[in-house]
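Sequence order for the protein chains is L and H.
Each residue of the first sequence is one higher than the one before, starting from 0 at the first, in numbering that gives the first Met the number 0.
Each residue of the second sequence is one higher than the one before, starting from 0 at the first, in numbering that gives the first Met the number 0.
Note that CB positions come from ideal geometry on N, CA and C, so glycine has one too.
Okay, so here's the structure we're looking at.
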Amino acid sequence: MSIFRFFLSSPQKTTAEHAKERLQIVLAHERADRSSPDYLPLLQKELLSVIAKYVQIDEKKVEVKLDRGGDCSMLEVNIELPSPDARRKAAAKAANS
Amino acid sequence: MAKIIVMTSGKGGVGKTTSSAAFGTGLALRGFKTIVIDFDVGLRNLDLIMGCERRVVFDFINVINGEANLNQALIKDKRVDNLYILPTSQTRDKDALTKAGVEKVLDELRRDFDYIICDSPAGIEKGALMALYFADCAIVVTNPEVSSVRDSDRILGVLASRSRRAELSLDPVEEHLLLTRYDPDRVEKGEMLRVDDVLDILAIPLLGVIPESQAVLRASNVGMPVVLDEKSNAGQAYLDAVARFLGEPVEHRFVKPEKKGILQRWLGRTA
Ligand SMILES: Nc1ncnc2c1ncn2[C@@H]1O[C@H](COP(=O)(O)OP(=O)(O)OP(=O)(O)O)[C@@H](O)[C@H]1O
Ligand SMILES: [Mg+2]
Numbered sequence: 000m001s002i003f004r005f006f007l008s009s010p011q012k013t014t015a016e017h018a019k020e021r022l023q024i025v026l027a028h029e030r031a032d033r034s035s036p037d038y039l040p041l042l043q044k045e046l047l048s049v050i051a052k053y054v055q056i057d058e059k060k061v062e063v064k065l066d067r068g069g070d071c072s073m074l075e076v077n078i079e080l081p082s083p084d085a086r087r088k089a090a091a092k093a094a095n096s
Numbered sequence: 000m001a002k003i004i005v006m007t008s009g010k011g012g013v014g015k016t017t018s019s020a021a022f023g024t025g026l027a028l029r030g031f032k033t034i035v036i037d038f039d040v041g042l043r044n045l046d047l048i049m050g051c052e053r054r055v056v057f058d059f060i061n062v063i064n065g066e067a068n069l070n071q072a073l074i075k076d077k078r079v080d081n082l083y084i085l086p087t088s089q090t091r092d093k094d095a096l097t098k099a100g101v102e103k104v105l106d107e108l109r110r111d112f113d114y115i116i117c118d119s120p121a122g123i124e125k126g127a128l129m130a131l132y133f134a135d136c137a138i139v140v141t142n143p144e145v146s147s148v149r150d151s152d153r154i155l156g157v158l159a160s161r162s163r164r165a166e167l168s169l170d171p172v173e174e175h176l177l178l179t180r181y182d183p184d185r186v187e188k189g190e191m192l193r194v195d196d197v198l199d200i201l202a203i204p205l206l207g208v209i210p211e212s213q214a215v216l217r218a219s220n221v222g223m224p225v226v227l228d229e230k231s232n233a234g235q236a237y238l239d240a241v242a243r244f245l246g247e248p249v250e251h252r253f254v255k256p257e258k259k260g261i262l263q264r265w266l267g268r269t270a
């Protein structure tokens, strides 16, 4: 396709329209981050230390999120536990040492 | 009791100082006793834009440190009654600007003035936070351009969470959008965000649209707030914004391309 066809045929979005769309997307994310309460990082850290007493976990595998709804908000905690295989290896290593 | 207005933006170079000088002069022309304070410690420029750079003896920081009193540091404008400038320090470090110090100076000024305009430095660091902390009202200066709009959104978040009004759970800081360096011709070509796009995104009331104008540079060359160039479109747009600020319903001008004469149109087409 020639450059001319590219510009002439399809009704192209103007660069200003691109700007508006990009801003709307990026600001939607930034505003959501901003409105998350500041106790979340601490909550995440404490949860991690409690869980670590029972299972060995990777601290990057814990995610704490707050979803704000109309009447209620939901605190979502996602913790990915290691596979049984990995756990067995870790236990064996601990027993050997 | 004065109303404290912060001229803020997040992004640098969008027209805060130009707007502080113009808006302050406009309020004074309307008979309100107005002072414009430069919060850009280390990068003093308001004095140049307002044409009083040779009259600076003491500054804002001297007053905060108790090395001079307010009357020694205030500069009365020679052209416009009711207009005063408090310049900032050119040399000292930004830590000189303490919350307690700023509060003391503002409290003293509050008794005497109708409006206090705080010309904020760029960024969201200490200087910018100090400039907005005590504000009753914020004029968010924005250019129709992605990074400026994003930074304005950011500064709106800061106003809503870190101003004195937010910390004490008082009525929130009043917010106004001042869209500057607007070029209707480029908007028409689809090359620049339109007023409505920016309003959709930032969702705060529009105080004014200041067109991109050669008069701004000319005015700054001679140290004259651009509103004193009554023939300029930028000057008129600032005066309109002041009128709206005072509650007068004034229609927005300079948002559509100027109608061109036949000769200009012909030249434009062949160019
Ligand atoms: N409406 C306008 N038309 C044309 N030029 C303008 C306009 N408004 C501002 N400018 C120019 O933009 C430049 C930056 O303006 P100004 O110093 O007021 O910005 P600022 O936000 O105070 O910058 P800083 O963040 O560095 O304090 C200046 O050169 C000024 O002349
Ligand atoms: Mg400035």
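Asked, Found
"Where does Asn70(H) fall in DSSP's three states?", "helix"
"Measure the C-alpha to C-alpha separation of Gly12(H) and Thr87(H) and round it to an integer number of angstroms.", "18 Å"
"Give the single residue among Lys19(L), Ile78(L), Lys52(L) whose Cα lies nearest to the Cα of Lys64(L).", "Ile78(L)"
"Go to Ala137(H), then tell me how far its beta strand (DSSP E) extends in each direction, as first and last residue.", "136-141"
"Is Asn220(H) near ligand 1, with its Cβ less than 7 Å from a heavy atom?", "no"
"By Cβ distance, which residues of its chain are closer than 8 Å to Leu169(H), with the 5 residues on each side in sequence left out?", "Arg163"
"With 9 Å as the C-beta to C-beta threshold (strictly closer), list the residues of the region 179-199 of chain H near chain L in chain order.", "Arg185, Val186, Lys188, Gly189, Glu190, Met191, Leu192, Arg193, Asp196, Val197, Asp199"
"Closest to Leu176(H) by CA distance: which of Ser151(H), Met191(H), Val221(H), Leu205(H) is it?", "Leu205(H)"
"Considering only the beta carbon of each residue, do Asp118(H) and Ser19(H) sit closer than 8 Å?", "yes"
"Do the CB positions of Ala101(H) and Thr7(H) come within less than 8 Å of each other?", "The displayed chain sequence assigns Val, not Ala, to residue 101(H). No, the Cβ-Cβ distance between Val101(H) and Thr7(H) is not below 8 Å."
"Label Ala270(H) either buried or exposed according to how many other C-beta atoms from any shown protein chain fall within 10 Å of its C-beta, with 16 as the threshold for buried.", "Low confidence applies here, because Ala270(H) scores a pLDDT of 41, under 50, leaving its location unreliable and the question unanswered by this model."
"Taking the alpha-carbon of Asn44(H) as reference, which of Val241(H), Thr24(H), Gly14(H) has the nearest alpha-carbon?", "Gly14(H)"
"Tell me which residues share the same chain as Met0(L) and place their Cβ nearer than 8 Å to its Cβ, disregarding the 5 neighbours each side in the sequence.", "Any reading at Met0(L) needs caution, since the residue's pLDDT is 47, under 50, leaving its predicted position unreliable; the model's value is listed next. Nothing meets the Cβ criterion."
"Along the alpha helix (DSSP H) that carries Arg217(H), what are the first and last residues, could you check?", "213-220"
"Whole-angstrom Cβ separation of Pro143(H) and Val197(H), contact assumed at under 8 Å?", "6 Å"
"CB of Asn44(H) to nearest heavy atom of ligand 2: below 7 Å?", "yes"
"Ala31(L) touches chain H at which residues, Cβ-Cβ below 9 Å?", "Residues of chain H passing the Cβ test: none, with the nearest at roughly 11 Å."
"In terms of alpha-carbon separation, which member of Leu39(L), Lys92(L), Ala18(L) lies closest to Met73(L)?", "Leu39(L)"
"As a quick exercise: from Asp228(H), Leu105(H), Leu28(H), pick the residue whose alpha carbon is nearest that of Leu216(H).", "Asp228(H)"
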